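Colleague: Input: one structure, supplied below.
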Amino acid sequence: MGLLSLGTPLDWHESKQYNEHVRENGIIQLINIFKQHGSRQNDVFYWGDEVEYMLVDMDDASKTAKLSIDKDYILSDLNDPEKPKSYQKCVANNISFHPEYGRYMIEATPLRPYHGDRIRDYLSVEENMARRRLVSQSELPSHIKPLTLTAFPRMGCPEFTSPATKPIGPASQSLFLPDEIINRHVRFPTLTANIRKRRGSKVAINLPIYPDRNTKLLDDSIPRDRDLFPSDREPSLGAARPGHVYMDSMGFGMGSSCLQVTVQAKDIDEARFLYDSLAAWTPILLALSAAAPVFKGYLVNQDVRWNVISGAVDDRTFLERDVDPYPGYDLVGGLDVPEEVRDHMRLLGGVRGVNGDRVINKNGDTKVYTNQGRPLQKIPKSRYDSIDNYLGDTTYSKKKPYFKDEYNDINSPINKKVYDQLVNTPYFDDKLATHFAHLFIRDPLVIFSERLDQDNELSNDHFENLQSTNWQTLRFKPPALYPKDLSEEALAETPGWRVEFRPLEIQLSDFENAAYSVFITLLSRVILKYSPDFYIPISKIDENMATAHKVDAVLKDKFWFKSFDSWNLDLSEFVGYDLSWFDRFINHGNDDLAADEVYVKGYSERAVRRFSNDFEPAYETCQGFNESKVPIRELINGNSSFPGILRIIIKYIATDLLSAETNHHCSTKELALKMLRLQSYLRLISYRASGKIPTTAHWLREQVLKHPEYKRDSKISSRINYDIIKESTRVSQLEPDILEEFFGSTISEYLMGTGAKEYDMANGVAH
Ligand code: GLU
Ligand code: MG
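Note that the numbering used here has the sequence shown beginning at 2, numbered continuously upward.
Rendered as structure tokens:
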């Protein structure tokens with residue numbers, strides 16, 4: 002989740018005097034990056050995924066499942082060349098393990114990225130994921146399982162850790178989460194404490210409780226009489242909202258797991274277009290991957306983790322959020338403002354001030370400055386949130402750009418000093434400067450005393466300090482600074498301009514996680530190949546983000562998207578490329594159906610120019626930017642006049658990905674097996690979009706609702722927690738008797754038949 006510097010992290014009250022220092026040097030480093038890499042070209046389309054796991058202690062005797070917080074040593078072993086047995090397993094299996102926020106968490110990625118032109122690489126991702134599970138499991142006792150759960154259902158309930166711990170830690174001051182769940186690396190407890198200190202209160206996340214028949218719309222797990230920290234009073238001062246599950250610590254969010262996919266563009270202009278084009282897909286994929294209906298032992302009335310993390314790292318003061326402080330709390334939180342300003346703010350008591358004079362004016366500005374001269378402003382979003390600005394495609398599609406200034410239509414404050422500095426260099430146009438100037442409204446959260454002074458020609462730690470703690474739905478990733486004497490070949494091997502796709506919830510099985518990773522990567526490929534126009538106003542994407550949180554949003558709700566007839570594609574090009582294209586391609590004979598109707602790689606020249614008549618569109622169209630509200634099933638699978646993104650992807654596979662390996666027919670069994678797996682990946686996305694099979698969130702909710710111990714009170718007992726995790730483990734292991742309810746008959750038949758695949762680890766190096 003970010004940069005791990007070594008050294009002594011500074012407490013917020015000490016570190017805040019260096020905020021401007023970090024920003025100033027971070028910007029010089031950014032400019033140096035652009036100087037070094039602005040004209041970097043022709044990078045290979047590499048891609049990679051990141052999977053976050055929770056180590057869960059499954060006790061089958063007592064029927065409990067707990068987060069295991071004393072097995073984090075495996076991460077050091079797996080990364081320690083001095084421990085050749087563990088370390089070599091990673092190198093030999095092309096995997097790499099990383100620390101994450103939770104002491105019970107591990108993250109794993111491929112060691113070397115995949116190549117976007119090679120079909121075999123799209124198929125090796127699942128095997129690579131399977132190896133990560135095997136390798137981490139081989140370092141753990143058999144009752145500790147590395148599981149891909151988005152949120153641990155009883156996180157923050159009594160006795161949810163193994164070994165047991167008490168929530169009395171000074172870093173988070175949480176009423177529910179012990180500090181022992183936080184990664185031991187000093188960065189993480191400091192991050193936790195500094196967010197609280199900057200904000201001037203604990204974070205407060207309130208999720209609506211799922212209203213079932215016997216549900217009391219009251220979070221009765223909040224201890225009312227603890228007197229350990231002054232912050233213990235916050236729930237009764239207004240932090241806890243009636244009818245909601247209340248959570249008060251960074252761990253509730255950053256302790257969740259997700260799936261991220263990063264792709265490399267050939268140059269900065271392509272990366273900008275990709276970033277912009279993926280933006281509209283972020284809420285769609287959040288809804289399609291929904292996997293988190295339970296938090297802190299409650300069924301909640303939403304399906305995803307996103308707003309939980311957003312709230313969990315929300316370091317904005319009351320003033321910046323434009324809300325009145327709790328009685329006795331400071332509007333300006335822990336900010337570095339002159340004492341007389343703080344006193345004045347205290348006198349005012351609220352954002353409205355005296356005589357109705359608001360502290361914040363209409364534009365979100367104030368007359369309040371920090372000691373370092375930075376003006377305070379209203380900040381509409383948390384630093385973990387959806388993106389605020391498009392980067393613009395004018396540099397990419399010079400002839401006929403799609404982007405219009407009006408698409409950047411939300412109030413997104415910028416650091417004016419940074420903006421002015423950037424536009425005064427030859428490297429940043431208005432859009433790019435705005436993007437980074439927005440990221441630089443934030444303060445650094447953790448500063449290491451040993452890293453205060455850096456060589457800005459060689460190091461980019463100060464830049465990364467801010468960049469990597471702006472956790473948005475997409476991340477625009479510049480290359481790092483590399484030594485000047487690096488040869489051209491060596492430079493070409495270093496990471497270039499990349500885009501990271503971050504909203505996806507983690508899925509239970511490697512099969513699903515591979516499917517979503519492949520889908521995002523192929524989506525990126527078709528964006529670059531066909532240049533569709535996906536621009537809609539950012540405010541509409543934000544509306545979609547809220548919609549994506551709803552229960553079963555993927556089926557029940559519609560989402561703003563560019564109207565299908567405005568994608569700027571010749572839609573008739575994609576006729577014939579539905580999921581059955583794979584069958585036609587694989588089965589010889591089906592390819593020449595009749596003398597006069599020849600399928601070229603599955604495409605029928607005479608196919609009826611219709612896609613399917615399953616759905617009749619009933620769109621709500623918005624005048625102005627050609628966006629409509631559409632159901633996700635149509636966006637993915639198409640309707641009678643629109644191919645859907647899957648056909649576009651399948652055509653790309655047929656005409657571009659395949660051309661490297663085969664010409665016209667599927668000639669080998671090996672290729673046929675690969676294509677069937679690719680078909681199953683896309684089928685998973687297709688079926689989730691159409692509701693033929695449930696999302697993980699829907700399935701998990703069902704597991705609770707039908708559990709014999711469930712009292713229709715929205716509460717997840719320790720036994721329910723164990724049972725749903727046990728069932729989830731069975732899905733992860735693709736146990737035959739659970740597949741059909743989870744994947745439906747077609748996919749489960751594939752998984753049990755042709756697709757059954759034992760990764761050949763026997764001769765490998767995983768043991
Ligand atoms: N675990 C976080 C999430 O679920 C992401 C942390 C990271 O950026 O790696 O979104
Ligand atoms: Mg991570």
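All C-beta atoms, glycine included, are put in the ideal place defined by N, C-alpha and C.
No experiment lies behind these values; they were computed from the predicted model shown.
1) Assign D81 to buried or exposed, taking buried as 16 or more other Cβ atoms, counted over all protein chains shown, within 10 Å of its Cβ.
2) Short check: CB of F449 to CB of N416, under 9 Å?
3) Just to confirm before moving on: does the CB-CB distance between R476 and E501 stay below 9 Å?
4) Given D316, which residues of its chain have a CB within under 6 Å of its CB, disregarding the five upstream and five downstream residues?
5) Since I believe E506 is in contact with V301 (beta carbons under 8 Å), could you give me their beta-carbon distance rounded to a whole number of angstroms?
6) Which stretch, first to last residue, makes up the alpha helix (DSSP H) that contains L752?
7) Could you name the residues that DSSP lists as bridge partners for L260?
8) What are the uninterrupted segments assigned as alpha helix (DSSP H) that are 4 or more residues long and contained completely in the region 456-506, given in chain order?
9) Given the structure, does T193 come close to ligand 1, in the sense that its CB is under 8 Å from one of the ligand's heavy atoms?
10) Which partner residues of E108 appear in the DSSP bridge assignment?
11) Is there at least one non-hydrogen atom of ligand 2 closer than 8 Å to the beta-carbon of C259?
12) Would you call the region 78-97 in contact with the region 740-751, where contact means no fewer than 3 C-beta pairs closer than 8 Å?
13) For ligand 1, I want to know if I310 counts as a neighbour, meaning its beta carbon is within less than 8 Å of at least one of the ligand's heavy atoms.
14) Only counting runs of 4 or more residues, tell me where the alpha helix (DSSP H) segments fall wholly within the region 119-159, in order along the chain.
15) Heavy atom of ligand 2 less than 8 Å from the Cβ of E53, yes or no?
16) Give the straight-line distance between the Cα atoms of P376 and L706, rounded to the nearest whole angstrom.
17) Specify the secondary structure class of K727 as computed by DSSP and reduced to three states.
18) Counting only the same chain and skipping the five closest in sequence on each side, list residues whose C-beta sits under 6 Å from that of G254.
19) Quick check on DSSP: helix, strand or coil for P376?
20) Using C-beta distances below 6 Å, list every residue in its chain close to A596, excluding the 5 sequence neighbours before and after it, in chain order.
21) What did DSSP end up calling T435 once you bin it into helix, strand or coil?
22) Which first and last residues belong to the beta strand (DSSP E) in which A66 is found?
23) Mind the definition here: the region 390-404 touches the region 425-434 only if three or more C-beta pairs lie below 8 Å; say whether that holds.
24) Taking its Cβ as the centre, do 16 or more other Cβ atoms sit within 10 Å of Q42, making it buried, or is it exposed?
25) Would you kindly work out how many angstroms separate the C-alpha atoms of Q508 and E340, rounded to a whole number?
26) Determine, using beta carbons only, whether L467 and R188 come nearer to each other than 9 Å.
27) Which parts of the region 204-270 are runs of the alpha helix (DSSP H), unbroken and 4 residues or longer, counting only runs that do not cross its ends?
28) Taking C-beta to C-beta, are I649 and Y578 nearer than 9 Å?
29) Check each candidate in S518, A515, D486, P479 and name the one with the smallest Cα separation from R499.
30) Hey, T395 and I269: beta-carbon distance below 9 Å or not?
31) Considering just the uninterrupted stretch of the beta strand (DSSP E) at G691, what are its terminal residues?
32) If you draw a straight line from the alpha carbon of L31 to that of Y102, how long is it in whole angstroms?
33) How close, in whole Å, do the beta carbons of I739 and Y299 come, if the pair is a contact with beta carbons under 8 Å?
34) Is R199 near ligand 1, going by C-beta to nearest heavy atom under 8 Å?
35) By alpha-carbon positions, which one of A266, I210, Q261, P231 ends up nearest to G800?
36) Taking 9 Å as the cut-off, decide whether the C-beta atoms of F565 and A655 are in contact.
Modeller: On the basis of the coordinates in this document:
1) exposed
2) no
3) yes
4) I196, R199, R200
5) Wrong, their Cβ atoms sit about 14 Å apart, outside the cutoff.
6) 737-753
7) V52
8) 462-468, 489-493
9) no
10) E53, H99
11) yes
12) no
13) yes
14) 120-139
15) yes
16) 51 Å
17) helix
18) V309, I310, A313
19) strand
20) Note that A596 scores 41 on pLDDT, short of 50, meaning its location in the model is unreliable; the coordinates nonetheless yield the value given after this. Once the five neighbours on either side are set aside, A596 has no close Cβ partner at all.
21) helix
22) 65-69
23) yes
24) exposed
25) 49 Å
26) no
27) 251-255
28) yes
29) P479
30) no
31) Before going further, note that residue 691 is Ser rather than Gly in the sequence given. Here S691 belongs to no beta strand (DSSP E); instead the alpha helix (DSSP H) covers 670-691.
32) 26 Å
33) About 25 Å; that fails the 8 Å criterion.
34) no
35) With the chain represented from 2 up to 768, any question about residue 800 goes unanswered, as that position is not in the structure.
36) no
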